[in-house]
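First up is the structure itself, then whatever we jot down about it.
Residue numbers (the numbering used here): 6 to 169.
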């Protein structure tokens, strides 16, 4: 885990701002998130959270099925990270290995919000399995880059009583 400063921080903020632009289009009723995956200064995949196929009939947020689910699964939406990974694998499968994933969250008015600590084990496992090298998040203390194995381990260690 590395708290970015200087040129690395400036570069990461550029990509987080791109992820923020993507997040504004999210269709989720609970959280608006966006992700870009970058390799060699090129976006190779992007995604936002929304119901499957972006279709209202697949939305389950308002149903009886979501209560009691783990934190990462309290939405019916496909996570922004999942969509970005699938997008990269469809369009640029040869470029995903060694890439960097940048995540952003926005409020209802489109303003960028700080991210919580790593907690979604599904996102972390998909990133790990697809070959993504680094996860980058904007936290209260600044921009943090996590190796994907570290992000995965921290996701499993997450406890709502100790973080966020």
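Glycine included, each C-beta is placed from N, C-alpha and C at the ideal position. None of these values were measured; they are calculated from a predicted model.
Asked	Found
Simplified DSSP assignment, three categories, for residue 7	strand
Pairwise C-alpha distance: residue 108 and residue 146	16 Å
Buried or exposed (CB count within 10 angstroms, at least 16 for buried), residue 6	exposed
Residue 37, enclosing beta strand (DSSP E) - first and last residue	37-44
Three-state class that DSSP yields for residue 3 in the structure shown	No information on residue 3 is available, as it lies outside the stretch 6 to 169 that the chain covers here.
Helix, strand or coil at residue 31 [DSSP, three-state]	coil
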